[in-house]
Amino acid sequence: MSEYILELKGISKYFPGVKALDNVHFQLKPGEIHALMGENGAGKSTFIKVITGVHKPEEGEIYFEGQKVEFKNTNDAQALGIAAIYQHTTGYPDLSVTENMFLGHEKIDPKTKRLLWKQMNEEAQKLLDELGASFNAKMRMDALSVAQQQMVEIAKALSTNARVLIMDEPTAALSNRECEELYKIALKLRDDGVAIIFISHRMEDMYRLASTVTVFRDSKYIGTWDVDKISNEDLIVAMVGREINQLFPKKEIKIGEEVLRLEKLSQTGHFADISFSVHKGEIVALTGLVGAGRTEVCEAIFGIAPIDSGKVFLNGQEMHIKHPSEAIAAGIGLLPEDRQAQGLVLNWEISKNITLLNLNKYTKNGFYNVKKENEESKILSEKLDIKTPSIFTSADSLSGGNQQKIVVAKMLTADMKVIILDEPTKGVDVGAKAAIYEIIGALAESGYGIIMISSEMPEVLGMSDTIVVMKDGRITATMATPTVTQEDILHASMLVDTNQN
Amino acid sequence: METRKIEGTKTFNARSFFFQWEWLLIALFIIINIFNSGISPYYLQLDTFTDAPMSFLDKAFMVMPMAFVLLLGEIDISVGSTVALSSVLMAISYNAGLPMSLAIVLCLLVGTACGLINGLLLAKFKELPSMIVTLATMTIYRGIALIILKDQASGGFPKWFNFLGWGYVGPIPLMMIMFIIFAVAFGILLHKTSFGRQLYGMGNNLKACQYSGIKTSRNKILVYTMLGLMAGVTAVFLTSRMGSTRPNVASGYELEVIAMAVLGGFSTSGGKGNMVGAIIAAFVIGFLRYGLGLINVSSQVILIVVGLLLIGSVLAANFKPGGKKKSAQKGT
Amino acid sequence: MKRKPLARALCTVMAISVLFTACSTGGTTSSGAASGAASQAAAGGGKKYAIIVKNTGNPYNEKEAQGFQDAVKALGSEAIVKAPDQPTAEAQIAMVEELIAQKVDGIAIAGNDVDALQPVLTKAMGKGIHVISLDSSVNKDSRETHVNQADPIAIGKTLVEAAFDMMGGSGEFAILSATSQAANQNAWIAQMQTTLKDSKYKDMKLVKVAYGDDLRDKSTTETEGLIKSYPNLKCIVSPTTVGIAAASKVIVDKNLTDKIKITGLGLPSEMADYIDKGVCPYMYLWNPIYVGSLGAYTLDSIVNGKITGKEGDTFKAGDLGEKKVTKAGDGGTEVLLGEPFKFDKANIGEWKSVY
Amino acid sequence: MNNTEKKKSRDMASFREIGLLLFIVLISIIIEVRNPSYLTVENFMDLLTNTSILGILAVGMMMILLTGGIDLSIGAVVALSGMTASIAVSKVPSLNPIICILIGCGVGLAAGVINGFFVAKCKILPIIATLGMMNVFRGLTYIVSGGKWVSAYQMSDNFKAIGTTKVLGINILIIMAIVIFVIFYYFINFTRTGRYIYAVGSNPVSAEITGINKTKVLWLTYSLMGIISGFAGVLWVSKFASAQGDTASGYEMNVIAACVLGGVSVSGGNGKVSGLLLGTLLLGILNNALPLINVSTFWQNFIQGAVILFAIIMNAMVKRRADQANLRRRKI
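Note that the protein sequences, when read in sequence, are chains A, B, C and D.
In my numbering, each number is its position in the first sequence, counted from 1, plus 67.
In my numbering, each number is its position in the second sequence, counted from 1, plus 875.
In my numbering, each number is its position in the third sequence, counted from 1, plus 6.
In my numbering, each number is its position in the fourth sequence, counted from 1, plus 662.
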């Protein structure tokens, strides 16, 4: 009986053309929270899939409680009590919460093989209540918020009475408050003796939870440390393989005249009385909890779902934007929240993606000018330093950070006055984050007015000139950054009562 | 850091050039011709290549816009009925005293209108799958045709109208010439204009296109309207070839047209396909049927052959990179 | 991904080979005449006659084709049989084109549409191919003559008379037709209606003409509809096999045999059961085999210049005896096979296995 | 907010059925007014008898749609299996009806397995695979039958009895349909496999991760569809006491329409047996009642299409209304 509940030795995994895992090691003690860190594409996700039996490694052994084991499929792993919560929630929108939790390991009558819905519903509800969830287990999955779905995933893991729980970026989609909830749950589980592998790009998560941290880089094992024994800088070096001297390259830019002014924007069921303005070279951070209506506001400005009432002024004259095309024509650009679903045509070449936003620019008397497309996208890709051999490589082969750069490049093809960035660094690794912050800084410098939606405190405080906080669809605070502390923001985004007016 | 160089010009890659679906089709087409001329002494004569196409060209007119619809990952099974309705209205209005030329215009308008209706419905109710909406309009359009013409046939068109479907310009049938014109037009539209690029985009990721300010609804409506228009064109030529029309003409055309487009490499899950392929495919199927017809193979066997050809071709196509990915997608 | 091209090549080969095998089987399974056609033609043999029936997979058409084939063989020429899988004019147009390319000497066609085949048939005649229609006619300008299985007027009279007899001279009756698009159906129904004007039939009331579209399920529901909508319906006349059989089935299942009688035109094989059961005391049809062979003889005499298809011509139609070209209802000419044949309990037994 | 969401999800689920029910009642009233013989036991027995085969097929089709697929070949499979079974019985009149049914199901199963192979294994899009196989099966039917029909007199009485026997005044077809619905209801709601069908349609990707064998589930579903079609085929030929090559051609569209009316989503994962039941019933009423009220035959197509369109659009409207109301309920 070894001291490790789970131990992996010299694991290697090959995919056609790539070595996804190169002789990596991992050791997990019972009742510990073990952070697994590394840039995107470092091999974390593949590693998880090996542990959960989705992939079979070409080399290396897996030991569970000292016994050598082999996973033919996910069921084998589940049988040993290994459960995973994946980055993108993998629920079944059409099915009930209960079912989402029990699918794959339903309770069935031993004789008749009949599904025992009553028991399952009860147990599901019980688990949810334990997690402090406030919704009913009979609900359809698609009726839940992202955070709620996340909870279902966790509850699902528990329902398999897991002994090893893998959390792959569970906090990526969560607001600070929801993160707090998650931390509580994670710690509680740990105390119940569950071993947790925790993957996240947020240093904060690691420091709050983990006792040990293992770092992968370029599909290789870099090392394992006790969290309290390694400094932030060393860790970043370990992950990125180079120094990142300054994460937030916020320069002093003189704020120009007003470009965008919003007056009392409202949209039924989403937001009301939204008023603020953006100036040339100014970065306005629009923050608050997920679901506070930040994205809705920006999408309304951009014309995805037009406003019901209120006025939008661009350079002084009023706009009536009913469709994104009008917004773009007017000079308002939006970098959408979900890069992969809304920002890119993943299986398309970089060049095609870049030009998609402003195709007419590349159309000469009706005919499409591919030469011009290639030239410009080459220039932009180099300018934004997209890590790619050619502008003809398809977008899905790039890391999150570089994909994000493509989306930025798209906006540079049109002449924008205001650029809205919705969670620009979501799910982007540390190295790329820095790069993106640089780009944002540069954009502001070159005179764009910028609205940046973000839930990450450091980013908000580090990058913005003005901070606008939303809660339940209303603005609760508008503050000049230098004067603001983390507490102010949290207070405004959680505690202020929006219904006083 | 210093900016790295990024490759900005396409280098010609023989493999990716020659392993294209279209080459496969051309090969298939050639093989079929060799095969045909091998089995029938009557195959290798000028008539074959001038007359044979006439028996499937009427459908072929709709293949190109249908390809657009498939490109968007949608489908329109109402085209057959659209042809019937426009044809019937043309005949009726002519016999009611409208000059033939205007009657033809009307026919095209009716087709366009039918397509427009499909488009508007689908643009307004995005949550409704095209399969179902067009299933409904399919019944409705033919229903209207039946209401108008009941159990009657209508014809008696002027001589020159007959020329449209039967006439030659030099050795080449007029229909063929018209088809080539349309084929080139649609080919350019798809591959050389930003509109075509937008369609590909919409087929691959509709949301991304919305966020890139592409007028997705407008494009969708346009595509369906084009299909309607071409259904009108088909109606004109078909009616001219038949010299009279009934409410039950062109029944089952929709599936044949879709089959041609799919054989041409357009997946019904959208996002991929090439106009050249679709056009060749139309001829592959057409000449295959004709060749088998020349040796008087019974039509049930022809059914089977075409069916297998369709599946075989898609099987082969699925080995293309992305083919699998596509078909793994949810929904049809 | 590396083995992509290879794999695809293989697949294509597969696809094509599948295709070929299918074709070759096609050659063998298609009627003997078909394979004969190619070979003999290569040898540059005798006359070549083709028949295009309405659609495949229908015993009536098969028999018609068979009759044609046998007669042509008897005449020492070769026969080509064509049948579209759907009974549409579009499909027949394509087939005529194929026959033109094969330079046949004569075409006999059972048209799926009266007018729609005119352009292609005139083209054929333009190329020196002789064209007649049989069974269901094409308009007079697209044929040299028409082989009529039975005179529409006669059919109209006979069917009305049959109904009259079964209803005891008075009461309500209905007609169950095929599709509303079927030309000869409509012609017969029209004739029945004119016949009904005769004072003899003044007590007979035609309540409705329903369309079963030659679909079993639709014909069934239509029949049930008739029965319910017209409670004292005494007789249903259905001049189409699917219709008359479906109607009879409904009556049998509902045990209304002694209340409602069925008659009309139908295949003996389909109707045998119901004639035995008495739901259909008797019904009519002509022998499709004869229709076919008469077609063959007529075509042959035209091709060999024995007749021109003008009114008054006479010719010897094998064992069908002397036949005369007469004036047809549509202004063209036709060759009449004879009166429709009556099938009843007495003779159905011997015919049901024939066709 | 959770509460409102909870309400919403309930509303939507139940509303569709209720709306459909109201619609059926409304139509029934109209028809009854036009023709009092509509609401009679006899008529309803007929209606149900004629609808039962549609219903049985719809059950299978619902499963297919749940996986996000579609099967266009069922009409042809019905014909093929019906033909084989009746040929068998015409050769061996003493053949036990049960055996005949088994033969039919066997043929159907074979067809289903082939479809399943192409869809699940070869990853061909269902609509294409089944479109191709539709041709193949139809062609085979003609070949098997040699162009002949199998007529009433060639069928033994107990074979014909399969479709006509009455048990306590209720036609056996109705009973069979009901039994199948019950079995299916249990299967889809209370067995793992049943739920996996939903899962695969609802989210194919995570189905794989959860360790559900997608291929197996799909293959199974299409095979089941095959068996059901085969079974329906035997019932069909026995009910109408005749087997033709063109039996049930185009019937697949009716079946799909029934499912859609019943609120089964063609994009997979969504649909309830209760809804399916009502949808089938509605279509059955349309088919059977229109002959009763004196609408001209020429209007029937139009009316059917219009009703389908109306139903699906209403459906969408209601859903939107619900969502809107839902937003308003949110306090800002």
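Note that CB positions come from ideal geometry on N, CA and C, so glycine has one too.
Per the C-alpha coordinates, the member of D:T909, D:C921, D:C784 and D:K828 positioned closest to D:G946 is D:C921.
Three or more Cβ pairs closer than 8 Å define a contact, and the segment 278-286 of chain C meets that threshold against the segment 253-263 of chain C. When C-beta atoms of the segment 1084-1095 of chain B are compared with those of the segment 953-966 of chain B, fewer than three pairs fall below 8 Å, so the two segments do not count as touching. Taking a C-beta distance under 8 Å as the contact criterion, A:A277 and A:A229 do not qualify as a contact pair.
Taking a contact as a CB-CB distance under 8 Å, the pair D:T959 and C:Y217 counts as one, their CB atoms being some 5 Å apart. B:L1185 is positioned such that its CB atom lies no closer than 8 Å to that of D:M915. Of all C-beta pairs linking the segment 1147-1161 of chain B to the segment 68-78 of chain C, fewer than three are shorter than 8 Å, placing the two stretches out of contact.
For the options D:K783, D:R991 and D:A978, the alpha carbon positioned closest to that of B:V1008 is the one of D:A978.
At a cut-off of 8 Å, the C-beta of C:Q108 has a neighbouring C-beta in chain B.
Neighbours of B:E1002 in chain D, taken as residues whose beta carbon is under 8 Å from its own, are A978 and K981 in chain order. For the C-beta of B:L1178, the chain C residues within less than 8 Å are, from N- to C-terminus, D91. Per DSSP, the unbroken alpha helix (DSSP H) holding B:L899 starts and ends at W896 to I914. D:R982 is classed as exposed because its beta carbon has fewer than 16 other beta carbons within 10 Å across all chains shown. Contact annotation: B:N1123 and C:Q187 have beta-carbon atoms nearer than 8 Å.
Judged by their CB atoms, A:I100 and A:F265 are nearer to each other than the 8 Å cut-off. Neighbourhood of D:K783 in chain C, by CB distance below 9 Å: empty, with the nearest CB roughly 14 Å away. In this structure B:V1180 touches B:L1163 by the C-beta definition: roughly 7 Å separates them, less than 8 Å. Sequence-distant partners of B:L932 (beyond 5 residues in either direction) whose C-beta falls short of 6 Å from its own C-beta, in its chain, are M1050 and F1054.
The beta carbon of C:Y280 sits closer than 6 Å to the beta carbons of S254 and C286 from its chain, once the five residues preceding and following it are set aside; these are given in chain order. Residue contact with chain D for B:T1109: absent (no Cβ-Cβ distance below 8 Å to any residue of chain D). For C:E150, no alpha helix (DSSP H) run applies, since DSSP gives it neither H nor E.
In the assembly as shown, A:K389 is an exposed residue. Its beta-carbon has fewer than 16 other beta-carbons within 10 Å. Identification of chain D residues near A:E173 by a Cβ-Cβ cut-off of 8 Å yields R854 and R857, ordered along the chain.
Using a CB distance cut-off of 8 Å, D:A968 counts as an interface residue toward chain B. Within a 10 Å sphere around the beta-carbon of B:E949 sit 16 or more other beta-carbons, which makes this residue buried.
For A:N142, the chain D residues whose Cβ falls inside 7 Å of its Cβ are G873, in order along the chain. Contiguous alpha helix (DSSP H) elements confined to the segment 1003-1050 of chain B occur at 1005-1024 and 1034-1041, taking only those with 4 or more residues. When 8 Å is used as the limit between beta carbons, A:L162 is near these residues of chain D: R857, Y860, A861, S864 and G931, in chain order. In the three-state reduction of the DSSP assignment, A:V121 falls in the coil class. If the five residues before and after A:M306 are omitted, its C-beta is found closer than 7 Å to the C-beta atoms of M104, G105, E106, V282, R284 and V497, all from its own chain and listed in chain order.
In chain order, N833, I834, S900 and K901 place their CB closer than 8 Å to the CB of D:T826, counting only its own chain and leaving out the 5 sequence neighbours on each side. Taking 8 Å as the CB threshold, C:P65 stays off the interface with chain B. Nearest CB-CB separation between C:S186 and chain D: below the 8 Å threshold. Taken in chain order, the members of the segment 218-239 of chain C whose beta-carbon sits within less than 7 Å of a beta-carbon on chain D are R222, D223, T226, T227, E228, E230, G231, K234 and S235. Per DSSP, B:Y969 is not a residue of any beta strand (DSSP E); the alpha helix (DSSP H) it occupies stretches across V954 to N970.
Here C:G327 is exposed. Its C-beta has fewer than 16 other C-beta atoms within 10 Å.
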